[in-house]
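Residue numbers (this note's numbering): 2 to 211.
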């Protein structure tokens with residue numbers, strides 16, 4: 002909750018669910034970097050399009066690979082990675098809308114398993130990989146900023162966005178490779194750096210913050 006009148010910044014009361022102890026945390030600014038949950042906490046119009054990506058972990062005897070490969074799916078031309086990982090072969094990823102409850106752990110759907118098996122058996126003819134060769138699956142949800150154009154999930158841009166509502170700055174979207182730019186945009190939005198420092202820091206990618 003926002004702090005009372007006359008105070009600067011924000012405060013929130015939190016409860017230790019084990020001991021029951023209450024504590025008050027204070028901050029001059031609040032950045033909500035909650036990924037695919039961003040819309041729940043932003044207090045603004047929904048902007049995130051949750052997209053699920055899933056991988057299969059395959060018996061390496063059925064699909065032996067020694068290098069990281071990028072192969073194209075025969076149905077839609079999407080690039081999919083096939084690579085050795087921790088003694089098994091990993092195949093993925095998919096790119097589908099995830100309308101399910103975000104509080105329930107994401108899981109690979111039957112549709113995704115079929116999709117990835119088709120890729121394997123098309124690009125590696127003669128291997129005859131089946132569900133019996135799948136050790137396990139893994140799935141995650143990407144916080145992609147929706148274009149609002151109803152485009153195919155794979156055609157959504159992976160740009161990040163920073164927006165504010167009631168003094169809370171929300172940041173979502175982007176990729177691991179753009180984390181520095183995301184952080185700078187969030188700092189600018191909170192007023193912790195000014196436009197000059199924002200520009201300077203963008204040009205000094207090799208250096209840390211001073």
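Yeah, the Cβ is synthetic: ideal placement off N, Cα and C, and Gly gets one too. Everything numeric in this text was worked out from a predicted model, so none of it was measured.
- Annotation: residue 148 to residue 35 spans about 19 Å, alpha carbon to alpha carbon.
- As the crow flies, the alpha-carbon of residue 182 is around 7 Å from that of residue 203.
- In the DSSP assignment, residue 143 falls within the beta strand (DSSP E) that extends over 135-146.
- For the beta strand (DSSP E) assignment, the uninterrupted runs of no fewer than 3 residues enclosed by the segment 17-96 are, from N- to C-terminal side, 23-28, 31-33, 49-59, 70-73, 80-86 and 89-93.
- A direct Cα-to-Cα measurement between residue 99 and residue 38 gives close to 12 Å.
- Per DSSP, residue 199 has no beta bridge partner at all.
- Residue 102 sits in coil when the DSSP states are folded into three classes, being neither helix nor strand.
- Between the C-alpha atoms of residue 112 and residue 95 there is a straight-line separation of about 10 Å.
- In this structure, residue 142 sits away from residue 50, with a CB-CB distance that is not shorter than 7 Å.
- Residue 60 is a Cβ neighbour of residue 134, given a cutoff of 7 Å.
- In the structure shown, residue 171 adopts extended strand secondary structure according to DSSP, grouped into three states.
- The beta carbon of residue 186 is closer than 6 Å to those of 163 in its chain, skipping five residues each way along the sequence.
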